[in-house]
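Colleague: Quick one: the structure is below, questions incoming.
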Amino acid sequence: MKHVIALDVGGTTIKAALVAPDHTLLYETRRPTGRERGPDAVVDGILGLAAELRAVGEERYGQGAVAAGVAVPGIVDTASGTAVYAANLGWRDVPLRDVLAERLGGIPVAVGHDVRTGGLAEGRIGAGRGADRFLFVPLGTGIAGAIGIDGRIEAGAHGNAGEIGHVAVRTGPDAPLCGCGGRGCLETLASASAVSRAWAEASGDPAADAAGCARAVEAGDERARAVWQRAVDALADGLVVAVSLLDPGTLIIGGGLAEAGGTLFAPLRAAVAERVTFRKLPLIVPAALGDAAGCLGAGLLAWDLLAVPTDTTDDTTEVSAR
Numbered sequence: 009m010k011h012v013i014a015l016d017v018g019g020t021t022i023k024a025a026l027v028a029p030d031h032t033l034l035y036e037t038r039r040p041t042g043r044e045r046g047p048d049a050v051v052d053g054i055l056g057l058a059a060e061l062r063a064v065g066e067e068r069y070g071q072g073a074v075a076a077g078v079a080v081p082g083i084v085d086t087a088s089g090t091a092v093y094a095a096n097l098g099w100r101d102v103p104l105r106d107v108l109a110e111r112l113g114g115i116p117v118a119v120g121h122d123v124r125t126g127g128l129a130e131g132r133i134g135a136g137r138g139a140d141r142f143l144f145v146p147l148g149t150g151i152a153g154a155i156g157i158d159g160r161i162e163a164g165a166h167g168n169a170g171e172i173g174h175v176a177v178r179t180g181p182d183a184p185l186c187g188c189g190g191r192g193c194l195e196t197l198a199s200a201s202a203v204s205r206a207w208a209e210a211s212g213d214p215a216a217d218a219a220g221c222a223r224a225v226e227a228g229d230e231r232a233r234a235v236w237q238r239a240v241d242a243l244a245d246g247l248v249v250a251v252s253l254l255d256p257g258t259l260i261i262g263g264g265l266a267e268a269g270g271t272l273f274a275p276l277r278a279a280v281a282e283r284v285t286f287r288k289l290p291l292i293v294p295a296a297l298g299d300a301a302g303c304l305g306a307g308l309l310a311w312d313l314l315a316v317p318t319d320t321t322d323d324t325t326e327v328s329a330r
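Read in order, the letters of the sequence shown correspond to residues 9 to 330 in the numbering used here.
Given below as structure tokens:
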């Protein structure tokens, strides 16, 4: 069976898979990223895992992978296949495409940005399937975004399209300082880490987190409701900016906060509707692929290199998202 290698490199874990043309994950594994051992060790770990996947494919299917795709965080030059900068991995100008291709015997290799790669998967085979224009926004440690147009992801002139997390939704000296150097950025107010910080302060429990805040909201805790609503209002303000500029038909919300389900989506839909005065409201839906989105997107990047049409007619979401 023809297959490709897919790698999703995160700050703590590398998720890896062999992916069939119909998006089935034929084989899956995970390894620690090992960033505490330094940037070179992270690259060595990626190369070693890719070689391991190639061997698995040869053993199981009688042939090696025909291409590979890798999704990485930070700033990515997709044209050259270079991981330009990733603060959490200590990377600068890593020629990832070239070193992976050499390790894998010269097969084609695609390198993509982690969020945009996940957005590609959600758009083609996940929650955005069939939408001609969508915005994928994962709410995790930070907030980023992927702009989907007709089955592809817009990178922008400098590779930074979709950075909704750094839209300023609050102003003034009291607006929280962001790691980017700005104040009042969306991710300082509506990311999972921002909610965790706010709930820890409000509850007096240093170990409190966003998931606990969501549970407290469901239990009727007024302090939690206040923290949650502030985050929802900030998120709605940021999303309405995107709606005004991009006019997406669908907003796909993923990441840790989306796991709160209706506790997030009911007030968020109401807050966005309140702010959209004359435009048609987009659908606001949860992401469908979970933490498999990165690997599935990396697989799509790999198949795209070969110009091999992949099957998007069958309902593969449940199989692929396992």
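Beta carbons are placed, not taken as given, at the ideal position from N, Cα and C, and that holds for glycine.
Please classify T90 as buried or exposed, where buried requires at least 16 neighbouring CB atoms within 10 angstroms.
Modeller: Buried is the call here.
Colleague: I'd like to confirm the pairing. Which residues does DSSP put opposite Y69 in its beta bridges?
Modeller: Partner(s): none; Y69 has no beta bridge.
Colleague: Judging by CA-CA distance, which residue of E44, A215, M9, R105 is the nearest neighbour of L313?
Modeller: Comparing Cα positions, the closest option is R105.
Colleague: Within the chosen definition, does the region 243 to 255 reach the region 274 to 285 through at least 3 CB pairs nearer than 8 Å?
Modeller: yes
Colleague: Please list, in chain order, all residues of the same chain as A109 whose beta carbon is under 6 Å from its beta carbon, the five residues on each side excluded.
Modeller: V117
Colleague: Does the separation of the CB atoms of D241 and A279 fall below 8 Å?
Modeller: Contact flag set, yes.
Colleague: Which residues in the same chain have their Cβ closer than 6 Å to the Cβ of R191, if we skip the five residues on either side of it in sequence?
Modeller: A183, L185
Colleague: According to the neighbour-count rule (16 or more other Cβ atoms, all chains shown, within 10 Å of its Cβ), is P290 buried or exposed?
Modeller: buried
Colleague: At the level of alpha carbons, what is the spacing between A59 and R111?
Modeller: 7 Å
Colleague: Within a Cβ cutoff of 7 Å, which residues of the same chain sit near R277, ignoring the five residues on either side of it in sequence?
Modeller: I292
Colleague: Tell me which residue opens and which closes the alpha helix (DSSP H) that E36 is part of.
Modeller: Looking at the DSSP string, E36 is not in any alpha helix (DSSP H); the run it does join, the beta strand (DSSP E), is 33 to 40.
Colleague: Go ahead and label G269 buried or exposed: buried means 16 or more other beta carbons lie within 10 angstroms of its beta carbon, across all protein chains shown.
Modeller: exposed
Colleague: Is D245 helix, strand or coil by DSSP?
Modeller: helix
Colleague: Identify, in the order they occur along the chain, each residue of the same chain with its Cβ nearer than 7 Å to the Cβ of C221, setting aside the five sequence neighbours on each side.
Modeller: When the five nearest sequence neighbours on each side are left out, the beta carbons in the same chain lying within less than 7 Å of the beta carbon of C221 are those of V203, W207, A232, V235, W236, in order along the chain.
Colleague: Since L61 and A95 should fall inside the 8 Å C-beta cutoff, what is the C-beta to C-beta distance between them, to a whole number of angstroms?
Modeller: About 27 Å separates the two Cβ atoms, so there is no contact after all.
Colleague: Looking only at its chain, what residues have a beta carbon closer than 8 Å to the beta carbon of T21, apart from the 5 residues adjacent to it on each side?
Modeller: R38, R39, P40, T41
Colleague: Here's the rule I'm using: 16 or more other beta-carbon atoms within 10 Å means buried, otherwise exposed. How should G70 be labelled?
Modeller: The residue is exposed, with fewer than 16 neighbouring Cβ atoms inside 10 Å.
Colleague: Quick check on R330: does DSSP put it in helix, strand or coil?
Modeller: Any reading at R330 must be qualified, since the residue scores a pLDDT of 28, below 50, and its modelled position is unreliable; the value itself is stated next. DSSP places R330 in coil when its eight states are reduced to three.
Colleague: Locate the beta strand (DSSP E) running through V80, then write down its first and last residues.
Modeller: 76 to 80
Colleague: Opposite K288 in the DSSP bridges: which residues?
Modeller: According to DSSP, K288 bridges with nothing at all.
Colleague: For G257, which residues from the same chain have a beta carbon less than 8 Å from its beta carbon, with the 5 sequence-adjacent residues on both sides left out?
Modeller: A139, D140, R141, F142, P290, L291
Colleague: Run through the DSSP bridge pairs and tell me what P146 is partnered with.
Modeller: G262
Colleague: If you draw a straight line from the alpha carbon of I13 to that of V51, how long is it in whole angstroms?
Modeller: 16 Å
Colleague: State the beta-bridge partners of A24 as determined by DSSP.
Modeller: L15, T37
Colleague: Sort out for me which residues DSSP pairs A154 with in a bridge.
Modeller: F144
Colleague: I'd like to know whether the C-beta atoms of I161 and G113 end up nearer to each other than 8 Å.
Modeller: no
Colleague: For D121, does the three-state DSSP call read helix, strand or coil?
Modeller: The sequence given here places His at residue 121; Asp does not occur at that position. Under the three-state reduction of DSSP, H121 is assigned to strand.
Colleague: Counting Cβ pairs, one atom from each stretch, are 3 or more of them under 8 Å apart for the region 64 to 81 and the region 292 to 307?
Modeller: yes
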